[in-house]
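The numbers in full-length UniProt numbering rise by one with no breaks, and the one at position 97 of the sequence shown is 97.
Glycine included, C-beta positions come from ideal geometry on N, C-alpha and C.
Computed from a predicted structure; not experimentally measured.
Here is the structure we will look at.
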Amino acid sequence: MGTLLDKPVIEKEGVEKGTANNLTFGVASMQGWRVDMEDSHYYNGTLGDEVPGVSIFAVFDGHGGQFAAKYAAEHIERILKEQVRTGVWGVRTKLNKYETEYENRLRMSTLRKL
């Protein structure tokens, strides 16, 4: 069987919907053909006073395991808010800085587990 199933798991999990910042959004997870669900997602319709008018919607692909995807989903909001407090950059720059900071923190988290 390997890393793929004979048929996909198509049941949806974690089906949620909401509205914020004049947006209507929905989220759900589906395992598909993989033996295990490896992806994670994160959403927050409003980041509050720290980042007014900004929403985050993200899907993190597990690429063969869920550790990195789950870590990213659990830490994206905090890291982005830290970056907002420490300087003034555009959203694209913040996302690039988030990616670098996320990779650094993920490496440290992985090393602590060894």
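Would you mind working out which of I10, V9, D39 and V54 sits nearest L23, comparing C-alpha positions?
V54
Output yes or no for whether 7 Å exceeds the beta carbon distance between T3 and V35.
yes
Look at the alpha carbon of R112 and the alpha carbon of L106, and state the distance between them as a whole number of angstroms.
10 Å
Let me know the secondary structure DSSP gives Q83 once reduced to three states.
helix
V15 burial status per 10 Å Cβ neighbour count (16 or more: buried):
exposed
Across which residues does DSSP place I56 in a beta bridge pair?
N44
Tell me which same chain residues have a C-beta within less than 8 Å of the C-beta of A58, skipping the five on either side of it?
H41, Y42, Y43, A72, A73 and I76
Rounded separation between P52 and K81 - CA only:
11 Å
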